[in-house]
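S.K.: I'd like to ask you about the structure that follows.
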Amino acid sequence: MSWLKLVSPIFLVVIWVLVQWPDGNLRLVFCDVGQGDAQLVIKGSYQVLVDTGPSDDKIGMCLSNNLPFWDRRIELVVITHPQKDHMGGLDEILGRYKVDRIVANGVKGESVEEWEEVVRLIEARGVEVHVPEAGDRFGFEGVEMEVLWPEDERGDEMVWRGGVEDKVVLGQASDVNEISIVMRLRFDRFTAMLTGDIGEKEELALVGKGVIGQVEVLKVAHHGSKYSSSEVFVSMVKPKLAVIQVGEKNTHGHPSSVITERFDTVGSRVIRTDRDGETVVVSDGKSWWIERGGQVFGFW
Numbered sequence: 005m006s007w008l009k010l011v012s013p014i015f016l017v018v019i020w021v022l023v024q025w026p027d028g029n030l031r032l033v034f035c036d037v038g039q040g041d042a043q044l045v046i047k048g049s050y051q052v053l054v055d056t057g058p059s060d061d062k063i064g065m066c067l068s069n070n071l072p073f074w075d076r077r078i079e080l081v082v083i084t085h086p087q088k089d090h091m092g093g094l095d096e097i098l099g100r101y102k103v104d105r106i107v108a109n110g111v112k113g114e115s116v117e118e119w120e121e122v123v124r125l126i127e128a129r130g131v132e133v134h135v136p137e138a139g140d141r142f143g144f145e146g147v148e149m150e151v152l153w154p155e156d157e158r159g160d161e162m163v164w165r166g167g168v169e170d171k172v173v174l175g176q177a178s179d180v181n182e183i184s185i186v187m188r189l190r191f192d193r194f195t196a197m198l199t200g201d202i203g204e205k206e207e208l209a210l211v212g213k214g215v216i217g218q219v220e221v222l223k224v225a226h227h228g229s230k231y232s233s234s235e236v237f238v239s240m241v242k243p244k245l246a247v248i249q250v251g252e253k254n255t256h257g258h259p260s261s262v263i264t265e266r267f268d269t270v271g272s273r274v275i276r277t278d279r280d281g282e283t284v285v286v287s288d289g290k291s292w293w294i295e296r297g298g299q300v301f302g303f304w
């Protein structure tokens, strides 16, 4: 019977690997990182992390929950703008994973010391950095992510032009939220929009450019702040699902009841990470559904 004792653990390991093996679906994970943002895009063996939340432990748990145990590589990390609630977990990411490329908007954060520490971390790992502008596209495994904002009108606010190796810090934006990287994700018929912390002014600029339309899933800007998600913008994107990443009992009053009611008005289902926890949107390119806590909620 000794061979049974050997076979059983091997069998369990094989089952575990098969369960974690990537399928052909797109997975868009809204991590529960408290008062902050982090979205993980997974397709096959390719991963894109958009923001890292405010701290190491919560983003680490989200990645452990959603990536195969053997996968220690993240192909792309996007930092939408340099505030701690969006980049605080970057040192955890760079310490635990091989990161191929970072996309960042190239301005200093509100805390120069924090931003300089980020630059040191990136330099130490030798990670390639790209400063995006509207119209840039990143494609992988049948998925396209297009940068909608900001436009390349930042001039002396730029930190990186040719990469971190330039070691140039030229200026500081008056409000880093205004130059948050906004991205639209497409996988066949499925679309989602990730908005960072843009405000009403930036939303109206996007509407004026004619680059936005209805999407299936929207990451609600600025944690549901009343200064974002304008009526015009919400009526244009009219998401079937609006996800608000927000911390429980936060001191900012997020999300604003005005904003949640605005999404209710256009027929959006609203999910909040402070109440609903980590949420995964899964799509095969034709239909999509929500997975949370091992359960499936609805098909669209």
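Residues 5 to 304 (this note's numbering) are what the sequence shown spells out, left to right.
Built from N, CA and C at the ideal position, the CB exists for glycine as well.
Model, not experiment: these values are computed from the prediction.
1) From V82 to T269, what distance separates their C-alpha atoms?
2) Throw me the rounded Cβ distance for the L222 and I216 pair, which I believe falls under 8 Å.
3) Rounded to a whole number of angstroms, what is the C-alpha to C-alpha distance between S59 and G93?
4) By Cβ distance, which residues of its chain are closer than 8 Å to E282, with the 5 residues on each side in sequence left out?
5) Tell me whether K171 sits in a helix, a strand or coil according to DSSP, three-state version.
6) Who are V81's beta bridge partners in DSSP?
7) If we count the other Cβ atoms within 10 Å of its Cβ and call it buried at 16 or more, is S272 buried or exposed?
8) Express the C-alpha separation of S49 and E150 in angstroms, rounding to a whole number.
9) Who pairs with H134 in a beta bridge, going by DSSP?
10) CA-CA distance, K253 and H227?
11) Considering Cα atoms alone, identify which of Y101, T264, T277 and Q87 is closest to E118.
12) Looking at the strands, I want to know which residues DSSP matches up with W153.
M.R.: The short version:
1) 31 Å
2) About 10 Å; that fails the 8 Å criterion.
3) 5 Å
4) V33, F34, C35, D36, C66, N69 and R296
5) Low confidence applies here, because K171 scores a pLDDT of 35, under 50, leaving its location unreliable and the question unanswered by this model.
6) L53 and I106
7) buried
8) 20 Å
9) V107
10) 13 Å
11) Q87
12) V186
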